[in-house]
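Report on the structure given below.
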Amino acid sequence: MSRYWNNNNFWINVGSHNIFNCLKFIGDEHSFEEILNATKLKIVNKTEDKTDIKNRNLTMLIDAWLEVKRIILEKKSEMKKNKSSYPHCKVFDYKELYLILNKDARVYDLFLIENKREDNDVYMALSGILKKVQTLKNYQEIILEFSIFLHENYVKGTFGSNTKLFCWFLLQMVLIFKGFGPIITLPENYIEMAEIISISNSLNEEILHLKQREWIEGENFKKLTNLWILKSEEYLKHIKKNYA
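Here UniProt numbering is used: the first residue of the sequence shown is 1, the next is one more, and so on.
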């Protein structure tokens, strides 16, 4: 996967597909062409002019994707320098991604190293998932662990008002870095995205009323996680076909 990382077309197109999906998650409607053009403007021109992109949600998601790109390339450089097979990731590495998605910065201080403690839900949740995925070798296990992590913390609101988006971008980042396909439904397959959103909403309702073991063993969790795994597999094929 790393051979694609210096290709702007990879970041523009994969980012645009991911952003299209995320806008559907939050109920914001944009054409894929509009998203693609805006993403290209930010990546190719590296523009900082906020007036170029009028919609706040679109700007936020593009900025979040650029932060994912920055972190991946930075960690790649660190790995090369240290001759390591996987980067050493810390909670504070993701504080800017959180800030982009949560302008109120309500829990920003909890990402900082000096606030590392057992009663810090942000630090404990994020450090826990980072430690787990570091040793996982296949995308099925990564997606399973992140599905639990995302839905549990979304209901709790651990990472602020955009907890789901923060967890989602983190998951996509890990999958890309590990050489797997991000979980993406192509724009022409909108019906699949609608199905994923519907199942996810039902699962969130279950989590409010059931113990963790019960909702993890339930039909909605299994169906959603399996759909994510399928979308990851399909999108990796899309990457290999289009960016080889």
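Backbone N, C-alpha and C fix where the C-beta goes; we use that ideal spot for every residue, glycine too.
Small disclaimer: the values here were computed from a predicted structure and weren't measured.
Quick one: what's got a C-beta closer than 7 Å to residue i's C-beta in the same chain, skipping five residues either side?
i	result
residue 206	215, 218 and 220
residue 106	160
residue 122	107, 110, 111, 158 and 159
With distances taken between CB atoms, is the gap from residue i to residue j smaller than 7 Å?
i	j	result
residue 16	residue 43	no
residue 100	residue 67	yes
residue 180	residue 232	yes
residue 191	residue 224	no
residue 245	residue 243	Absent from the model: residue 245. The displayed extent of the chain is 1 to 244, so no value can be given.
residue 102	residue 27	no
residue 155	residue 120	no
residue 91	residue 111	yes
residue 82	residue 125	no
State the CB to CB distance for the pair residue i and residue j, rounded to an integer number of angstroms; the pair is presumed to be in contact (CB under 8 Å).
i	j	result
residue 97	residue 10	Not really, about 19 Å apart at Cβ, beyond 8 Å.
residue 139	residue 229	7 Å
residue 12	residue 173	Rounded, the Cβ-Cβ distance is 17 Å, inconsistent with contact.
residue 142	residue 136	5 Å
Measure the C-alpha to C-alpha separation of residue i and residue j and round it to an integer number of angstroms.
i	j	result
residue 22	residue 193	10 Å
residue 75	residue 88	8 Å
residue 70	residue 63	10 Å
residue 51	residue 41	Here residue 51 scores only 44 on pLDDT, less than 50, and its place in the model is too uncertain to base an answer on.
residue 184	residue 235	6 Å
residue 118	residue 4	39 Å
residue 86	residue 182	18 Å
residue 25	residue 38	19 Å
residue 33	residue 20	10 Å
residue 189	residue 30	15 Å
residue 115	residue 95	13 Å
residue 237	residue 56	32 Å
residue 45	residue 208	44 Å
residue 59	residue 167	18 Å
residue 130	residue 241	30 Å
Leaving out five residues before and five after residue i in sequence, what residues of the same chain have Cβ atoms less than 6 Å from its Cβ?
i	result
residue 78	87
### Query
Which full runs of the alpha helix (DSSP H) of 4+ residues lie inside the segment 120 to 183, going along the chain?
Qualifying alpha helix (DSSP H) stretches, in chain order: 121 to 135, 139 to 156 and 163 to 177.
### Task
Please go through the segment 204 to 244 and give each complete alpha helix (DSSP H) segment of 4 or more residues, from N-terminal end onward.
Listed in chain order, the complete alpha helix (DSSP H) runs (minimum 4 residues) inside the segment 204 to 244 are 212 to 216 and 219 to 243.
### Task
Output the residue ranges of the alpha helix (DSSP H) runs that lie fully inside the segment 49 to 86 and measure 4 residues or longer, sorted by chain position.
Counting only runs of 4 or more, we get 56 to 82.
### Task
Go through the segment 6 to 50 residue by residue and report every complete run of the alpha helix (DSSP H) that reaches 4 residues or more, in order.
Whole alpha helix (DSSP H) segments, 4+ residues: 8 to 25 and 32 to 44.
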